[in-house]
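Here's the structure, in structure tokens; my notes come after.
Dropping the structure here:
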């Protein structure tokens with residue numbers, strides 16, 4: 001296939017075309033597999049559909065329990081740690097908060113920095 005770039009760019013153009021073709025074929029194969037999974041659900045018996053419902057219900061319950069746990073730990077709230085206290089107390093309070101959860105968002109601020117006033 002002549003891409004109109006001359007001989008040197010012809011090789012590069014052919015390689016790019018081949019890469020795009022391989023990627024497109026891989027995506028098409030993945031879509032066909034997904035469609036076949038949905039087709040098998042259409043012909044599935046009541047037992048298989050019930051198993052699917054139970055598995056999805058268990059996933060939803062697990063997600064809700066995790067959300068409740070995060071809310072109980074204070075996720076979604078803004079808390080200022082150790083205002084006006086000794087630096088050792090601030091560090092202890094920070095590490096205690098960090099140990100309570102696997103996720104923590106921290107904003108270190110200085111009163112002299114104007115952009116920090118957005119949070120305070």
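In the UniProt record's numbering, the protein residues as written are 1 to 120.
Just so you know, even glycine gets a beta-carbon here, dropped at the ideal spot from N, CA and C.
Here the alpha carbon of residue 20 sits roughly 27 angstroms from the alpha carbon of residue 38. With respect to the 7 angstroms criterion, residue 104 and residue 94 are not classified as neighbours on the basis of their beta carbons. In the DSSP assignment, residue 104 falls outside any alpha helix (DSSP H), carrying neither H nor E. Residue nearest to residue 119 within the set 77, 102, 9 and 26 is 77 (criterion: CA-CA distance). Taking C-alpha positions only, residue 48 is separated from residue 115 by approximately 56 angstroms. Taking 8 angstroms as the upper bound for CB-CB distance, residue 73 and residue 100 are in contact here, some 5 angstroms apart.
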